[in-house]
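The sequence shown begins at 1 in the numbering used here and counts up by one.
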Amino acid sequence: MFLLKKVGEIKDPVHGYIHFTEIEKSIIDLAPFQRLRRIKQLAVAELTYPGAVHSRFLHSIGVMHVSGLIGNHLLEKGYISKDEVQELRLAGLLHDVGHGPFSHVYEDILDKYSNLTHEDLSQRIIRETEIGDILEKHGYSKRKISELAVGKLEKNKKFLNQVIAGHFSSDIMDYLLRDSYFAGVEYGKIDLFRLIESLDLVGNDIAADYSGAFGVLESYIIARIEMFNVVYFHRAVRAANIMISRCMDFAHEKLGLYPLKSLEDFLQLDDYKVLVGLESLKNEKEEKLSKSYKIFSDLKERRLFKSTYEVVIHQRNNFLTNLINKQSIRKKIESEIGDEAGIDSDYIVIDVPQVPSVPVNPIERKRSEILVYRKTPEGIITQKIKDISPLLATLSEFIDIVRVYTLPEHRDKVIRVCERLFGRKSISEKISM
């Protein structure tokens with residue numbers, strides 16, 4: 001049931017009719033938010049899943065809606081006010097307003113050249129553009145909404161952050177359903193309403209009732225893992241996203257991607273501007289720009305980089321931690337592979353699950369810390385989900401996939417070098433950092 005005063009509705013293929021309030025309509029109609037129509041949710045995943053052409057705009061509307069559903073549930077339990085339901089919806093609406101071209105792919109640029117994230121940019125956009133003016137006009141604090149939108153609200157009721165950025169967040173719930181729907185796969189389907197109904201507060205944290213919704217909880221976590229394996233870290237999806245990332249990196253100054261002169265300049269960036277900019281590089285002679293155009297040309301004709309070497313590691317070690325967390329180490333190893341194979345290392349990529357351009361990594365350290373509860377005559381008993389599910393206890397072990405990509409014509413050379421350098425069984429056995 002929609003408890004706020006609605007002024008209109010949007011027909012969404014995932015959630016059906018989504019109602020919106022006057023303040024939400026005012027923000028949706030602003031240029032900084034309309035820009036999200038021109039940014040694809042899954043970058044160039046459409047080259048593998050042709051239906052995956054949905055935008056950040058649609059996802060943001062969906063997160064607003066799911067934030068409202070969770071908010072209404074908390075309101076009915078007496079934990080929050082009606083105004084706080086509206087604040088949650090606004091935070092959900094604006095949580096991704098700072099995304100750059102091709103969504104998480106732009107995070108690779110920010111990660112390499114700055115200390116910024118799209119969350120930092122979201123906060124600035126909320127506070128420094130007309131979005132903030134609309135919020136203040138309607139009596140809402142732009143600072144509070146900017147903090148809540150990225151899960152960093154520092155005042156009381158910190159559990160509100162978890163609605164937007166926790167284990168049971170509106171963001172996760174929407175992208176699982178939405179990305180699954182548009183990719184045309186079944187793996188992300190979850191029982192949204194049963195999951196929300198299972199949520200309650202334990203202290204200042206949102207937890208789920210495993211006694212009444214155990215199967216729903218298992219399915220929810222497994223959905224994240226399956227979507228990661230089948231969509232987000234699919235070999236061909238990653239190949240295409242790696243290629244657009246390299247294109248953007250090699251031409252980042254020419255395309256105006258970085259350095260950012262002003263927030264206004266950032267708000268002019270979208271997928272279309274990058275594509276037009278890359279097309280304009282056709283006759284460039286400078287080495288990096290020429291490489292950018294070559295990779296872009298291959299991408300347009302779906303001549304994708306190929307995975308030449310892959311290893312699945314079931315337990316973290318010092319090597320893997322360094323490889324995952326340090327771009328400089330990945331670059332060093334790419335150069336070593338290139339030297340051994342006699343190939344330009346600009347066409348060799350070591351891909352790991354936690355590079356910024358991977359939309360979600362379910363293999364995270366805190367997944368096993370997901371809080372669940374059970375009501376008993378003696379009171380509420382809380383546990384970590386890994387302690388009550390043998391399946392999830394197994395899945396919560398670290399599983400990391402390391403891949404090496406290169407151009408199709410160099411595939412055999414790189415395979416031989418990788419096997420010589422790293423061995424056939426485990427990359428971590430042969431390299432010490």
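Positions of the beta carbon are idealized from the N, C-alpha and C atoms, including for glycine.
If we ignore side chains and look at the alpha-carbon of each, how far apart do Phe296 and Arg416 end up? 27 Å
Requested in this report: Compare the C-alpha of Ser280 against each of Gln268, Ile206, Cys247, Thr21 and name the closest.
Outcome: Cys247
**Request:** Look at Gln34 and His59 and say whether their C-beta atoms are less than 8 Å apart.
**Result:** no
Helix, strand or coil at Phe305 [DSSP, three-state]: coil
* Have a look at His73, Ile23, Val202, Ser55 and flag the residue whose alpha-carbon is nearest the alpha-carbon of Gly132. => Ile23
Which of helix, strand or coil does DSSP assign to Asp12?
strand
#### Entry: Expected contact under 8 Å - CB spacing of Pro356 and Asp111 to nearest Å
5 Å
Looking only at its own chain, which residues have a Cβ that is under 8 Å from the Cβ of Leu255, when we skip the five neighbours before and after it?
Met248, Lys273, Val274, Gly277, Leu278
query = Do Phe228 and Val53 have their CB atoms nearer than 8 Å?
reply = no
Measuring CA to CA, which of Val404, Ile244, Leu407, Gly338 is closest to Phe102?
-> Ile244
Out of Asp120, Leu3, Phe233, point me to the one whose CA is closest to Phe20's CA. Leu3
* Asked: Which first and last residues belong to the beta strand (DSSP E) in which Leu195 is found?
  -> No beta strand (DSSP E) holds Leu195; the alpha helix (DSSP H) holding it covers 192 to 197.
- Quick one: measure Cβ to Cβ for Arg127 and Ser146, integer angstroms, because I've assumed they're closer than 8 Å. 5 Å
Drop a sphere of 10 angstroms on the beta-carbon of Phe159, count the other beta-carbons inside from all chains shown, and report buried for 16 or more, exposed for fewer.
buried
### Message
I'd like the span of the beta strand (DSSP E) that includes Leu94, first residue to last.
### Response
From DSSP, Leu94 is part of no beta strand (DSSP E) but of the alpha helix (DSSP H) over 82 to 94.
| query | Given Pro408, which residues of its chain have a CB within under 6 Å of its CB, disregarding the five upstream and five downstream residues? | reply | Lys306
Practice item. Please go through the segment 146 to 173 and give each complete alpha helix (DSSP H) segment of 4 or more residues, from N-terminal end onward. Key: 159 to 165
| Taking the alpha-carbon positions, what's the Lys189 to Glu287 distance? | 45 Å
Task: Exposure of Gln123, with buried meaning 16 or more beta-carbon neighbours within 10 Å - done: buried
Worksheet entry | Counted within 10 angstroms of its Cβ, other Cβ atoms place Ile381 as buried (16 or more) or exposed | exposed
Does DSSP put His437 in a helix, in a strand, or in coil? The shown model of the chain, from 1 to 433, leaves out residue 437, and the question about it has no answer.
Checklist entry - Which residues mark the beginning and the end of the beta strand (DSSP E) in which Asp351 is found? => result 348 to 351
Exercise for the section: Please work out which residues of its chain come closer than 8 Å, Cβ to Cβ, to Tyr17, disregarding the five sequence neighbours upstream and downstream, and give them in chain order. Expected result: Glu9, Ile10, Lys11
- Query: Taking just the CA atoms, how far does Lys294 sit from Thr48?
  - Reply: 20 Å
message = If contact is defined by three or more beta carbon pairs under 8 Å, each pair taking one atom from either stretch, is the segment 214 to 224 in contact with the segment 75 to 91?
response = no
>> Can you tell me where the alpha helix (DSSP H) holding Tyr113 begins and where it ends?
In response: 105 to 113
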